[in-house]
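For reference, the structure is listed below as structure tokens.
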Amino acid sequence: FLGVMPAYSAADDALTTKLVTFYEHKKDSSDPSHQATVLLFDPRNGSLKAVLDGSVITAKRTAAVSAIATKLLMPAFAEVLCILGAGVQAYSHYDIFMELFTFKEVRIWNRTKEKAVKFANSVNGPVQVCSSAQEAVTGADVIITVTMATTPILFGDWVKPGAHINGM
1 FLGVMPAYSA ADDALTTKLV TFYEHKKDSS DPSHQATVLL FDPRNGSLKA
51 VLDGSVITAK RTAAVSAIAT KLLMPAFAEV LCILGAGVQA YSHYDIFMEL
101 FTFKEVRIWN RTKEKAVKFA NSVNGPVQVC SSAQEAVTGA DVIITVTMAT
151 TPILFGDWVK PGAHINGM
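Position 72 of the sequence shown, counting from 1, maps to 72 under UniProt numbering, and the rest follow consecutively.
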């Protein structure tokens with residue numbers, strides 16, 4: 001899949017386009033599932049001014065949008081954060097959520113438990129690695145799904161009433 005995301009800002013005198021590809025991650029591949037490039041143009045004449053790796057921009061922008069939604073929609077006294085997935089988006093979401101919110105508990109689950117353990121060991125702060133998605137979700141106030149799963153991993157009867165879900 002190829003996504004093309006053009007944007008123009010007269011106030012910033014900026015014309016950009018982000019190109020992003022999405023592919024199902026193969027277990028035996030080191031290639032990322034998402035790859036992005038940002039092109040910056042001169043809005044006066046269309047000449048290309050810069051080509052940027054869009055991976056970091058994509059990860060941080062996606063997490064920032066989730067954080068804004070969470071700030072506006074999460075329960076008033078949210079204490080438990082659940083992250084389903086342990087890839088690039090899990091890290092970017094964790095970073096901004098720990099900066100903006102004060103959760104008493106953070107849980108993570110991933111189909112490959114080793115990746116969840118690696119995540120928990122590499123971030124600043126305690127993270128509980130869960131053996132199942134249901135264990136991670138049950139009782140959580142904020143749930144973030146950041147997987148390339150092609151089959152359901154989250155079910156409504158696991159979700160605490162009033163919980164906020166960010167589905168990426």
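Glycine residues also receive a C-beta, built at the ideal position from the N, C-alpha and C atoms.
All of these numbers come straight from a predicted model, not from anything done at the bench.
Inset, instruction - Take the Cβ of Thr58 as the centre, count every other Cβ of all protein chains shown within 10 Å, and call the residue buried at 16 or more, exposed below. - result: buried
Inset, instruction - In the DSSP assignment, find the unbroken beta strand (DSSP E) run with Leu2 in it and report its ends. - result: Leu2 to Ser9
Inset, instruction - If I'm right that Gly162 touches Pro75 with Cβ under 8 Å, what's the distance once you round it to whole angstroms? - result: 5 Å
Inset, instruction - Write down the C-beta distance between Lys115 and Ala86 rounded to the nearest angstrom, noting that I regard them as a contact closer than 8 Å. - result: 4 Å
Inset, instruction - Measure how close the beta-carbons of Ala67 and Asp141 come, nearest whole angstrom, since I'm counting them as under 8 Å. - result: Contact doesn't hold; Cβ gap of about 15 Å is too wide.
Legend entry - Cβ neighbour criterion (16 or more within 10 Å) applied to Val146: buried
Legend entry - Uninterrupted alpha helix (DSSP H) stretches inside the segment 74-106 (no shorter than 4 residues): 88-100
Inset, instruction - Pick out whichever of Val51, Val56 and Asn45 has its Cα sitting closest to the Cα of Pro32. - result: Val56
Inset, instruction - Could you tell me whether the segment 93-103 touches the segment 32-47, where touching means 3 or more Cβ pairs closer than 8 Å? - result: no
Legend entry - Proximal residues to Ser131 (C-beta, below 8 Å), its chain only, five neighbours per side dropped: Trp109 and Lys113
Inset, instruction - Using three-state DSSP, classify Asp157 as helix, strand or coil. - result: helix
Inset, instruction - Go ahead and pull the three-state DSSP assignment for Val51. - result: strand
Legend entry - In chain order, each alpha helix (DSSP H) run of at least 4 residues that lies wholly inside the segment 105-167: 113-122 and 133-137
Legend entry - Val38 classed as buried or exposed, judged by whether at least 16 other C-beta atoms fall within 10 angstroms: buried
Legend entry - Identity of the residues DSSP links to Thr70 by a beta bridge: In the DSSP output, where bridge partners are listed per residue, Thr70 has none listed.
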